[in-house]
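Please read the structure below before turning to the comments.
Number of protein chains: 2
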Amino acid sequence: MKNHDADHENGHAISNRRTFLGGALAAASAFGFADRLRGADAPDLMPLRSEIEKQHDQSVKRIQDWIKQPSIAAENRGMSEGCELQMELLRDAGFENVTKIPTDGFPGVFARLDAGAPRTVGIYFMYDVKQVDPSEWSSPPFEAALVDKAKLGKVIVGRGAVNTKGPQGTFLAALHAFKGAGRKLPVNLVFVAEGEEEIGSPHFPQVVHRPEVLAGMKKCQTGVYMPMAGQGVDGSVDINLGAKGVVELELVSSSERWGRGPKQDLHSSNEARVDSPAWHLVQALTTLVGPDGHTPAIPYFAEKARPLTPAEKAMIREAARRQPEAVVKQQLGVQHWVHDVDYLESLELLVSKPTINIEGLVSGYTGPGGKTILPHKAVAKIDMRLVPNLTAAGALAALKEHLAKHGFRDIEVNMTGGYDPTSTSADSALIRAEQAVYKRAGYDPILWPRLAGSWPGYVFTGDPLNLPAGHFGLGHGNGAHAPNEYYVIESANPKVKGLDDAVFSHVEYLYELARI
Amino acid sequence: MKNHDADHENGHAISNRRTFLGGALAAASAFGFADRLRGADAPDLMPLRSEIEKQHDQSVKRIQDWIKQPSIAAENRGMSEGCELQMELLRDAGFENVTKIPTDGFPGVFARLDAGAPRTVGIYFMYDVKQVDPSEWSSPPFEAALVDKAKLGKVIVGRGAVNTKGPQGTFLAALHAFKGAGRKLPVNLVFVAEGEEEIGSPHFPQVVHRPEVLAGMKKCQTGVYMPMAGQGVDGSVDINLGAKGVVELELVSSSERWGRGPKQDLHSSNEARVDSPAWHLVQALTTLVGPDGHTPAIPYFAEKARPLTPAEKAMIREAARRQPEAVVKQQLGVQHWVHDVDYLESLELLVSKPTINIEGLVSGYTGPGGKTILPHKAVAKIDMRLVPNLTAAGALAALKEHLAKHGFRDIEVNMTGGYDPTSTSADSALIRAEQAVYKRAGYDPILWPRLAGSWPGYVFTGDPLNLPAGHFGLGHGNGAHAPNEYYVIESANPKVKGLDDAVFSHVEYLYELARI
Chain A
1 MKNHDADHEN GHAISNRRTF LGGALAAASA FGFADRLRGA DAPDLMPLRS
51 EIEKQHDQSV KRIQDWIKQP SIAAENRGMS EGCELQMELL RDAGFENVTK
101 IPTDGFPGVF ARLDAGAPRT VGIYFMYDVK QVDPSEWSSP PFEAALVDKA
151 KLGKVIVGRG AVNTKGPQGT FLAALHAFKG AGRKLPVNLV FVAEGEEEIG
201 SPHFPQVVHR PEVLAGMKKC QTGVYMPMAG QGVDGSVDIN LGAKGVVELE
251 LVSSSERWGR GPKQDLHSSN EARVDSPAWH LVQALTTLVG PDGHTPAIPY
301 FAEKARPLTP AEKAMIREAA RRQPEAVVKQ QLGVQHWVHD VDYLESLELL
351 VSKPTINIEG LVSGYTGPGG KTILPHKAVA KIDMRLVPNL TAAGALAALK
401 EHLAKHGFRD IEVNMTGGYD PTSTSADSAL IRAEQAVYKR AGYDPILWPR
451 LAGSWPGYVF TGDPLNLPAG HFGLGHGNGA HAPNEYYVIE SANPKVKGLD
501 DAVFSHVEYL YELARI
Chain B
1001 MKNHDADHEN GHAISNRRTF LGGALAAASA FGFADRLRGA DAPDLMPLRS
1051 EIEKQHDQSV KRIQDWIKQP SIAAENRGMS EGCELQMELL RDAGFENVTK
1101 IPTDGFPGVF ARLDAGAPRT VGIYFMYDVK QVDPSEWSSP PFEAALVDKA
1151 KLGKVIVGRG AVNTKGPQGT FLAALHAFKG AGRKLPVNLV FVAEGEEEIG
1201 SPHFPQVVHR PEVLAGMKKC QTGVYMPMAG QGVDGSVDIN LGAKGVVELE
1251 LVSSSERWGR GPKQDLHSSN EARVDSPAWH LVQALTTLVG PDGHTPAIPY
1301 FAEKARPLTP AEKAMIREAA RRQPEAVVKQ QLGVQHWVHD VDYLESLELL
1351 VSKPTINIEG LVSGYTGPGG KTILPHKAVA KIDMRLVPNL TAAGALAALK
1401 EHLAKHGFRD IEVNMTGGYD PTSTSADSAL IRAEQAVYKR AGYDPILWPR
1451 LAGSWPGYVF TGDPLNLPAG HFGLGHGNGA HAPNEYYVIE SANPKVKGLD
1501 DAVFSHVEYL YELARI
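If you read the protein sequences in the order shown, they are chains A and B.
Residue numbers for the first sequence follow the working numbering, beginning at 1 and rising by one.
Residue numbers for the second sequence follow the working numbering, beginning at 1001 and rising by one.
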């Protein structure tokens, strides 16, 4: 899922919640809109639609079975079984040469589906899901129960329901419809998956850069896409043209590395004569941002960050026009934007500014009340968000150089994960096809320059592949990284598509990618 | 116990461990030294010595019974029973008018013992002890087992053994010796106790300022003392002429108070447009110390702190001479003093400098790895140590004013405990008597200007009483605030006094206070 790192965000560009776009043009019924809007040369999709409906129960069961297999990379739980089941699902759907790709971590999967078509499209899956605390769930997270949810309809509740086993099962159901209808796909598929998306995709480049995978991916000049549930709870749809990169790290100030301060926690009265690693960390942190306590002060960030283009500014203006500021502020629980900028500028900051954020601080005594100690160690958990022209490696090196320059060379910088930003042109066939299909379905998608969250699309959009990459899919779910994650099967809201319509959107998209 | 707040310090002035004074002159045997050195007009203490030995088993049992009654203010455990037992122990030892003094917290105790003597001495007890984790103990903390401990001899192991039920029982045994010998005390006693020393003595002024208590305490012109086990493991003895004051507090930066930042933790990608209370705290903290990351930058601290007197400097020089720097550094686990000052200056800093110490930092995600959140709150746990002419109220007000002046008025300052520094003149009868008794026992006590730790002596030494106040007692124990706290009953080391000698030291001290 594009926000692998977010349990507080489910990926919406502006509000982080899919609850806002009041102006969605969800008018046409899913069934029938295709022929009405596609034109005279359009293939007859009726048999595929019929197959989708005929196979509905199998499709639901396939998604349930897939959710029932836990596959949590962070806990090494069910990973081997999860990888095997994913491979089986691919074979069932018509993929050939389904191959496990070993890495230094959990393996990836590579597969192909040759339809003899002129064009080839890449498909990206992740087979891992986020951790769970079952006590927080209304039904067990790996039971994949079918539940009636108020205002939403019938949903599957389970870990991975929306992120991303539900949307994966939806895409696979589209391939099964082609099989059932005896129809060839309009494009060839090259498939690649990883099992470590939720832990920061540390070995995904090892999967993609294997010679046979790289050779396969190079054929995907149309682009690579990840199936997703692209609708908000109100039916709204947006299209992200990329995402910021991210570096997660710990800054550790310790007496051991510093050579000053106490070897172990000491009675605090000694602070009169002994250095404090906690103060040392506070001072180091202070150098990382400007006097506003916000703007990164590492020169690399300001010098390298690519400013917004006029086209990106126009997209942000349009998005701001369609999304009331008050709703966003309310959803975020925020009263003021940083520096008291106006709404438009707040969105420009969100898209265009690299950040250095404190995720957490830990030092010494952290329980209730106090404890009179001088701690020997202090840790800041940091994430840095990167815009185009910044790289994860560049940002990390710049941070280290900055610390050394300011007298904090001893502070340990432990990078725990991260990768470069990703961007795809609005003019690419991948994006234009997405817009066309969404519009034909009666939606007016917002084009958004760049998610402030992250996904490892840079592996496709960066060197050596330089392919367009994005997400596609109608349908709705929520609760990625949270309890009671769900995915809508039968929608109670005419603006929100249920499973069969979502499956059909992939059929439409594959045809559109073949002809655009 | 004078270091109520310390589980990393057991009260030694320089090293925080009673393991260093190699040069102690522990030559004379306890029995007999009195007559040899006191002079011709000395009272005959032989009958009292005989009573002490006769009552030995009862004295041990009294201490054990006292330890067996848990009385933990922090957990409200056994406090009522602890108070009652303390009162019973006082009555048994000859105190009259033993009265419970109610406060807004746990009650204090007030009592008198009128011997018809010209002079009156104040006695301070605490009846609470520190919390325990029984799993860390070699014998249950409230069983008060008698155990043979290597190199030390027979000890009582239990919570409160040294801090301070053992020394209290030792003092009470001295009073029982007078009773047993049919001898009147050489001084009158006014007794005051609190049950909240281990939680920072928040209501002790309410006890002492009760009219009848204040009237009683005013008679104690000779001073007030707290029985303690004053010897290090090597037999060394030191005399502290006071202690720093302390303020413990939390600095809380929250969106709620600030009116900026997110109401709840938010996905970290929003840091591009939303303020961060964690950065706000880091910036506020940075203003509290100078560019050295150490020296308090609140003007009140530097402006008001009383510099060392020539006499104090001389004491520090003498102490430095007797205590090898390498040993202290090794015990503290420290390689360099702050600012790379020399040893003498490090000790001057310890005695004379107020401090602002970070006890702990807590914000956002504190578990392993990272979590991409923008926390809505960040907390620094702080203690400030105060030297004479600084007060707890003054330091707190100065901190608040400083924060407001630097743009951090919103940061909450929650004081959780603390009090003023305390000082007693080396020329006071209380201290001179102490020196005399220790010297007669064959020790050469180090005079130390001021403990860097804290005890609530200011209630006696400050307004309105302005009395000398200190600690006294031979004997040894260790592990205050730690597991396996112990107190020596039969010493295996001739330089360290066992129970009977320790009891006898109080007999000596009371006589010395009567005549000095």
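Note that CB positions come from ideal geometry on N, CA and C, so glycine has one too.
Buried or exposed for residue i, please, with buried defined as at least 16 other CB atoms from any protein chain shown within 10 angstroms of its CB.
i: Thr1286(B); result: buried
i: Glu136(A); result: exposed
i: Pro102(A); result: exposed
i: Ala34(A); result: In this prediction, Ala34(A) scores a pLDDT of 44, lower than 50, which makes its location untrustworthy; no coordinate-derived value is stated.
i: Ser59(A); result: buried
i: Ser1269(B); result: buried
i: Gly1364(B); result: buried
i: Lys165(A); result: buried
i: Ala326(A); result: exposed
i: His1008(B); result: Reliability of the predicted coordinates at His1008(B) is poor, the pLDDT of 32 falling under 50, and no value is obtained from them.
i: Asp265(A); result: buried
i: Asp500(A); result: buried
i: Met46(A); result: exposed
i: Leu513(A); result: buried
i: Asp1420(B); result: buried
i: Leu510(A); result: buried
Taking C-alpha atoms, which residue in the options lies nearest to residue i?
i: Arg432(A); options: Phe110(A), Phe125(A), Phe191(A), Asn240(A); result: Asn240(A)
i: Val98(A); options: Ala111(A), Asp92(A), Phe106(A); result: Ala111(A)
i: Gly1293(B); options: Trp279(A), Val289(A), His267(A), Gly290(A); result: Trp279(A)
i: Lys579(A); options: Gln86(A), Gln323(A), Asp92(A); result: Residue numbering for chain A in the displayed model covers 1 to 516; residue 579(A) lies beyond these limits and cannot be assessed.
i: Gly1182(B); options: Gly1235(B), Glu1303(B), Pro1202(B), Glu1051(B); result: Glu1051(B)
i: Val109(A); options: Ile382(A), Val213(A), Leu447(A), Pro141(A); result: Val213(A)
i: Val282(A); options: Asp1128(B), Ile1067(B), Gly1360(B); result: Gly1360(B)
i: Val192(A); options: Ser201(A), Trp455(A), Ile123(A), Ser491(A); result: Ile123(A)
i: Lys1405(B); options: Ile1298(B), Val1233(B), Leu1249(B); result: Ile1298(B)
i: Cys83(A); options: Tyr127(A), Val496(A), Asp342(A), Ala305(A); result: Tyr127(A)
i: Ala1429(B); options: Gly1116(B), Ala1314(B), Arg1091(B), Gly1223(B); result: Gly1223(B)
i: Arg77(A); options: Ala326(A), Gln55(A), Lys130(A); result: Lys130(A)
i: Gln55(A); options: Ala177(A), Ala115(A), Gly160(A); result: Ala177(A)
i: Val1247(B); options: Ile1382(B), Pro1310(B), Leu1045(B), Ser1255(B); result: Ile1382(B)
i: Pro70(A); options: Val387(A), Arg159(A), Gly105(A); result: Arg159(A)
i: Lys179(A); options: Met228(A), Val507(A), Phe204(A), Lys400(A); result: Val507(A)
i: Ala1140(B); options: Glu1485(B), Val1252(B), Ser1505(B), Ser1276(B); result: A quick correction: the sequence has Pro, not Ala, at residue 1140(B). With distances taken between Cα atoms, Pro1140(B) lies closest to Glu1485(B).
i: Gly457(A); options: Lys151(A), Leu45(A), Gly242(A); result: Gly242(A)
i: Ala1073(B); options: Ala1150(B), Ser1138(B), His1203(B), Ile1156(B); result: His1203(B)
i: Ala398(A); options: Glu512(A), Ile356(A), Ala42(A); result: Ile356(A)
List the whole-angstrom C-beta distance separating residue i from residue j, where the pair is believed to meet the contact cut-off of C-beta under 8 Å.
i: Leu1332(B); j: Val351(A); result: Between Val351(A) and Leu1332(B) the Cβ distance is about 51 Å, and since that is not below 8 Å, they are no contact.
i: Gly1153(B); j: Val1503(B); result: Not a contact, Cβ separation roughly 16 Å.
i: Tyr1438(B); j: Pro1445(B); result: 5 Å
i: Leu1175(B); j: Gly1105(B); result: Actually they do not touch by this definition, with Cβ atoms about 28 Å apart.
i: Ala1320(B); j: Tyr1343(B); result: 6 Å
**Study point:** Interface positions of the segment 377-398 of chain A facing chain B (Cβ-Cβ less than 7 Å), listed along the chain
**Key:** Those residues of the segment 377-398 of chain A that come within reach of chain B (Cβ to Cβ, closer than 7 Å) are Ala378, Lys381, Asp383, Arg385.
Exercise for review: Select from the segment 1252-1267 of chain B all residues with a C-beta closer than 9 Å to any C-beta belonging to chain A, and list them in chain order.
Suggested key: Ser1255, Gly1259, Arg1260, Gly1261, Pro1262, Lys1263, Gln1264, Asp1265, Leu1266, His1267
**Study point:** Near-chain B residues of the segment 44-62 of chain A - C-beta to any C-beta below 7 Å
**Key:** none
**Study point:** Every unbroken alpha helix (DSSP H) inside the segment 315-382 of chain A [4 residues or more]
**Key:** If one requires a minimum length of 4 residues, the alpha helix (DSSP H) runs lying completely within the segment 315-382 of chain A are 325-332, 343-352, in chain order.
Review point. Hey, which unbroken runs of the alpha helix (DSSP H) at 4 residues or more fall wholly within the segment 430-478 of chain A?
Key: Annotation note: the segment 430-478 of chain A contains the following uninterrupted alpha helix (DSSP H) runs of length 4 or greater, listed N- to C-terminal: 458-461.
Practice item. Identify every run of the alpha helix (DSSP H) within the segment 197-241 of chain A, keeping only runs that are complete inside it and at least 4 residues long; order them along the chain. Key: The segment 197-241 of chain A contains these whole alpha helix (DSSP H) runs: 204-208, 211-218.
Exercise for review: Name, going along the chain, the residues of the segment 423-448 of chain A whose beta-carbon falls closer than 8 Å to a beta-carbon of chain B.
Suggested key: none
Review point. What runs of the beta strand (DSSP E), each 3 residues or longer, lie entirely inside the segment 1063-1114 of chain B?
Key: 1096-1101, 1108-1113
Review point. Between the segment 273-293 of chain A and chain B, which residues of the former have CB atoms less than 7 Å from a CB of the latter, in chain order?
Key: Arg273, Val274, Asp275, Ser276, Ala278, Trp279, His280, Val282, Gln283, Leu285, Thr286, Val289, Gly293
Exercise for review: Name, going along the chain, the residues of the segment 331-365 of chain A whose beta-carbon falls closer than 7 Å to a beta-carbon of chain B.
Suggested key: Leu332, Gly333, Val334, Gln335, His336, Trp337, Val338, Ser346, Leu349, Leu350, Lys353, Thr355, Asn357, Ile358, Glu359, Gly360, Leu361, Val362, Ser363, Gly364, Tyr365
Practice item. Can you check the segment 1156-1192 of chain B for any alpha helix (DSSP H) of at least 4 residues that lies completely inside it and give the ranges in chain order? Key: Those alpha helix (DSSP H) runs which fall completely within the segment 1156-1192 of chain B and span 4+ residues are 1165-1181.
Check your understanding: What are the uninterrupted segments assigned as beta strand (DSSP E) that are 3 or more residues long and contained completely in the segment 1380-1431 of chain B, given in chain order?
Key -> 1412-1419
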